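> First the structure, which I've put down as structure tokens, then a few questions once you've had a look.
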Amino acid sequence: MMCPSEYTCSVFAEGELPETEAREVARHLENCRACDRLVEALRAESRLLVQCLQDVDLDEAVEVPQLSVVSPRLSVLQLAFWIIGSALAFRLSTGILFGLQLPAELEWLDPRVWALNLGVIVDAVAYAIQNGPLAVSGAIEATVFVAFAMVLFAGMTYVFRRSAAVSTVFGVTLVVALSSSPSYAIDVRKGAAASIPAGETVNDTVVLRPEGPNNSIIVAGTVKGDVIAVGDVVTISGNVDGNVIAGARRVEISGTVTGSVVGAAAYVVVSGQVGRNLAGFATNLNVAKSGVIAGNAAVFASELLLDGRIERDLLAFAGMMDLRGDVGRNAVFRGGQTHVSAPAHIGGDFQAHVQKEENARIDSGVVIAGRKDIQVVPRVQGPSRYLTLRFYLWQVVRILTAFVTGLILLRLFPWLVPAGIASGKDWLKAGGLGFAVLVAVPIAAIIVGITVIGLPIALLSLFLWVAGLYLAKIIVAEFVGRSLMKTSGAVPLLAGLLLVIVAVDLPWIGGLINFLLCLLGLGAIAIGLYRAIARRGTTEPLPA
Amino acid sequence: MVEAVEAQKLTGQDFEEIYKTHYRRVLGLCRYLLNSPDKAEDAAHDVFLRAHTRMDSYNPAFPLSTWLLKIASNYCIDLLRRRTAEQRIFDLDPSEGFEAPSAAASPLGEVLTAERGRDVRNALGTLGEKYRVPLVLAYYNELNHDEIAEILGVGRTQVAVLVFRGKQQLRRSLGKGLGKERSK
């Protein structure tokens, strides 16, 4: 045998050569002094390396620092502090400043200006969280809507000092960016070609993105497909045989849209025909007298003026709603003030959730075919709710349902347990991720849902999203219970649930705690899911 | 004593004990792998937190130190992967032949006594993570090539090549400072 290479000798010296090869080398070494010496030297080198590397433990004095978060009890406290603190800070900052009067030119400094919008967002999300699992089918529009609101809100914080228009465009650009690799053919038109003149017909879904200073879009022709338009002013005066998703400073629909309209803008004006639903997010949203929405309308606005016709349900979250037109079925309002004046006609029930009775004004000439239900939701909830037996029975049912769900869940998906999320920083990360999931999933679902093939995927992911919202609190409860009792299992889960349910039922800040816990839990689920997938790809990190 | 309590249900106090006993070793590993004392301290801390939450999955049939070092290795390598845009840190460069030409330097031998440990450690710090990590796992953790391959997610042969080349680089790096002694 020829002398083996230095590499082979090296691997042999480490004892890592396959058996047959190792035997051959060993036989060779008996007859070759040079190789034998090399192998000996390599072995000595390995021993030396082990010694040199491990000596560091003796050579350098290392002070053992306190393991600061060794007990997760601390991190539960931190978590609780963080949640209650943010809830309080939010309430106080908006509440205390209510007594403050600012001169007109400094009004933009007033947190009320944005707190109104923020408050409505919180209400909208709270509504989705509370009614989510029960009202999936009816509230898909609302979901889309909340998602849009959240994206825009995120956009606002990103571009902080920019105008609402910039933030709006940012948010919608995000949505468009998410849809930049669609599986179906779409026509992307930029620059001057972004407008479709009267007489022109486009037989495809179009994405319109004008460039330059005059970035207005006018769709005066016919589009047989969906229209996704982002610009300064988007005007649809022609015919769209599909859906319209528009984001702009101003969105005007004066033509005919056979599908649904999703509009996000500072001003949204609908004076034309919408064949299906309207989901709108705007500072000012106006359905003009000539405007007809053949489906439902889910709208979210600071100021809402409804003069036209909504043939099915209306779901409105608004600072101020003026309803003068027709609603074919039920109308639900949540927010600041509403004024329903003649000749308004509501074919079903009218339900208003306001803070004071006088905030919902209904004029005498108004026709409401169904029930008129004005629910006063006071800022600070009175004790009455807590004095009824029904409330406590309901809470017991709620805890038991969550308990059984939690047991099944953790048995089936043990990776959901938020392992490795221990420090406050980790939970902050989970909260951020939860926010992203809360926002991104419905948007992605809507975008995927535009295509026929994507529709089942969209529905499935929306279902999972709503399920996630429900499960989020169970996950957090499991963590809280496990951390406090230092063991895992059914009893800690029950204890955690008890604490969580009590916390979300707290007057004044319970709703916000609920929201924050949902964010944390969603984030923890996302992290667990990511880790479970990642672990499958690499190696099992722990010996079984 | 610590090993004795491991088999039973662990309380917070026992974990403190484990922490105190094994901290240095875990910190040492993190320092080698991350090549940064500050990051190593944070990492060691996080490793123990992770170990604490995963105590249920510890199998008492294996030594506790092995388990902790494995968590630490995985944790640090994850960090390294996240730090570099290149995910495949440990892939072999095809431009380097499978058997790199042997450098002039011969195995570090008798000339190198244990007093030179610091030099070896410094030289190790100058190597890129591609070679540093396998060497640390082989000689600090004393893992065999199969175990290293599992942690790095690469093949066994690749580990052998990485260790071999790592040693060559280490010799070269040390050779500069040892030239005089070797010529004696």
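Taken in order, these protein sequences are the chains called P and L. Oh and the first sequence: position 324 is 324 in the numbering used here, straight run, nothing missing. Oh and the second sequence: position 63 is 607 in the numbering used here, straight run, nothing missing. Just so you know, even glycine gets a beta-carbon here, dropped at the ideal spot from N, CA and C. Given the structure is predicted, the values throughout are model-derived calculations rather than measurements.
Along chain L, in chain order, which residues have C-beta atoms closer than 9 Å to that of D36/P?
The premise fails here: D36/P is roughly 13 Å from chain L at the closest Cβ pair, so nothing lies under 9 Å.
> Quick check on the DSSP output: what are the complete beta strand (DSSP E) runs of length 3 or more inside the segment 388-417 of chain P, in order along the chain?
none
> Give a yes or no on whether 8 Å exceeds the smallest Cβ distance from C52/P to chain L.
At least one beta carbon of chain L lies nearer than 8 Å to the beta carbon of C52/P.
> Listing by chain order, which chain P residues have their CB less than 8 Å from the CB of F634/L?
Near F634/L there are no residues of chain P at all, since even the closest Cβ is about 12 Å away, more than 8 Å.
> Examine the Cβ distances between the segment 466-480 of chain P and the segment 518-526 of chain P and report whether three or more of them are shorter than 8 Å.
yes
> Could you tell me whether the segment 487-506 of chain P touches the segment 457-469 of chain P, using the rule of 3 or more Cβ pairs below 8 Å?
no
> Return the chain-ordered ranges of every beta strand (DSSP E) run that is complete within the segment 209-252 of chain P and spans a minimum of 3 residues.
217-219 and 227-236
> With 16 other CB atoms within 10 Å as the buried threshold, where does E478/P fall?
buried
> Mind checking who V367/P pairs with in its DSSP beta bridge?
When DSSP reads this structure, V367/P sits in a beta bridge with H345/P.
> Which residues of the segment 677-689 of chain L have a Cβ closer than 8 Å to any Cβ of chain P? Give them in chain order.
L679, V680, A682, Y683, Y684, E686, N688 and H689
> Nearest chain L C-beta to Y7/P closer than 8 Å, yes or no?
yes
> State the Cα-Cα distance for the pair W465/P and L493/P, rounded to the nearest angstrom.
22 Å
> What did DSSP end up calling V377/P once you bin it into helix, strand or coil?
coil
> According to a CB-to-CB cut-off of less than 7 Å, which residues of the segment 473-485 of chain P neighbour chain L?
none
> Quick one: Cα of V591/L to Cα of M485/P, how far?
22 Å
> Kindly indicate the opening and closing residues of the beta strand (DSSP E) around I362/P.
Element bounds for I362/P: A360 to I362.
> How about R209/P and V230/P: are their beta carbons less than 8 Å apart?
yes
> For F391/P, count the other beta carbons within 10 Å of its own beta carbon; 16 or more makes it buried, fewer makes it exposed. Which is it?
Its Cβ having fewer than 16 others within 10 Å, F391/P is exposed.
> Roughly how far, in whole angstroms, is the beta-carbon of G225/P from the beta-carbon of G242/P, given that I think they are within contact range, below 8 Å?
The beta-carbon distance between G225/P and G242/P, rounded to whole angstroms, is 5 Å. This is short enough to meet the 8 Å contact definition.
> Between G572/L and chain P, is any beta-carbon pair separated by less than 8 Å?
yes
> Between the beta-carbon of S254/P and the beta-carbon of T235/P, is there less than 8 Å?
yes
> Closest Cβ-Cβ distance between V698/L and chain P: below 8 Å?
no
> Residues in its own chain within less than 6 Å of Q375/P by CB, not counting five upstream and five downstream?
H353
> Roughly how many angstroms separate the alpha carbons of R662/L and L668/L, rounded to a whole number?
10 Å
> Looking at the structure shown, is N514/P part of a helix, part of a strand, or coil, going by DSSP?
helix
> Determine, using beta carbons only, whether E252/P comes closer than 8 Å to chain L.
no
> Report the rounded CA-to-CA distance for Y127/P versus W394/P, giving the unit in angstroms.
Residue placement at Y127/P is flagged as unreliable, the pLDDT there being 48, under the threshold of 50; a coordinate-derived value is accordingly withheld.
> Am I right that T222/P and G238/P are in contact with their C-beta atoms under 8 Å? What's the rounded C-beta distance?
6 Å
> Does the beta carbon of T157/P sit closer than 8 Å to a beta carbon anywhere in chain L?
Low local confidence applies: a pLDDT of 47 at T157/P is under 50, so the model's placement there is unreliable, and no value is given.
> Helix or strand or just coil, what does DSSP make of D322/P?
strand
> Rounding to the nearest angstrom, what Cα-Cα distance links T256/P and A490/P in this structure?
Spanning the alpha carbons of T256/P and A490/P requires a straight line of approximately 57 Å.
> Give me the Cβ distance between S46/P and E14/P, rounded to the nearest whole Å; I'm assuming they're in contact under 8 Å.
The C-beta separation of S46/P from E14/P comes to about 6 Å, placing the pair in contact by the 8 Å criterion.
> Which same chain residues, not among the five before or five after S727/L, have their C-beta less than 8 Å away from its C-beta?
Residue confidence for S727/L is low, a pLDDT of 35 falling below 50, so the modelled location carries little weight; the figure read from the coordinates is stated next. Closer than 8 Å at Cβ, skipping near neighbours: no residue.
> Since Y267/P sits in a beta bridge, which residues does DSSP pair it with?
R250/P and N284/P
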